[in-house]
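All you need for my numbering is the position in the sequence shown, starting with 1, plus 15. Using N, Cα and C, we set each Cβ at its ideal position, and we do this for glycine too. Data block below; observations after.
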Amino acid sequence: MSRWLKNIFSGFLTFLQLYVTVSAIDCYKCSSLNFSDPFCHDPFHPAYNNLTTNCGEGRDGRVGLFPARFCTKITGINSEDGSETIVRSCAIESLDTICGPFNLGNVLYNGCISSCETDACNSGQRSAPEVVYVVTAALLYLFSI
């Protein structure tokens, strides 16, 4: 392969990698209190829920939405009234994955908080690897031969 073509190809792959890195994540967004939205609860079925593409979230002291990098899932039982809450959303920063007691607002819950970094990963099901990464790796391998 000519050097010129290799440079063009290399530049394209760099652009593609930067685009994937800067793009916001796609996450399922729903919330339910005592099964007010039964489709938000586990077992979760993606066909009944909205996948928010290029998920954006606000930042303290800033105006507008910023690209989220993580999907989140929060499940818990309210310690005051025993109600069950589940929230699937997106976040700019990773949440620590914990199970046990945690505060949500001013209320103590017992449950789990988790975050993940791939599109639609807060469904509770494992996501396939990013197609872009697989294709990029295959092309790099092919053109290095």
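Q. When you compare only the Cα positions, how much space is there between A62 and E108?
A. 27 Å
Q: Check the DSSP bridge columns for A106 and list the partner residues they point to.
A: Among the bridge pairs identified by DSSP, A106 is matched with F85.
Q: Could you name the residues that DSSP lists as bridge partners for G91?
A: The partner list for G91 (beta bridge, DSSP) reads T100, G126.
Q. Between the beta-carbon of C70 and the beta-carbon of C45, is there less than 8 Å?
A. no
Q.
Considering only DSSP beta bridges, list what F59 is partnered with.
A. DSSP, once it has assigned bridges, lists no residue as partnering F59.
Q.
If you follow the beta strand (DSSP E) that G115 is in, where does it begin and where does it stop?
A. 113-119
Q | Straight-line gap, D75 to A83 (C-alpha atoms, nearest Å) | A | Spanning the two alpha carbons is a distance of roughly 14 Å.
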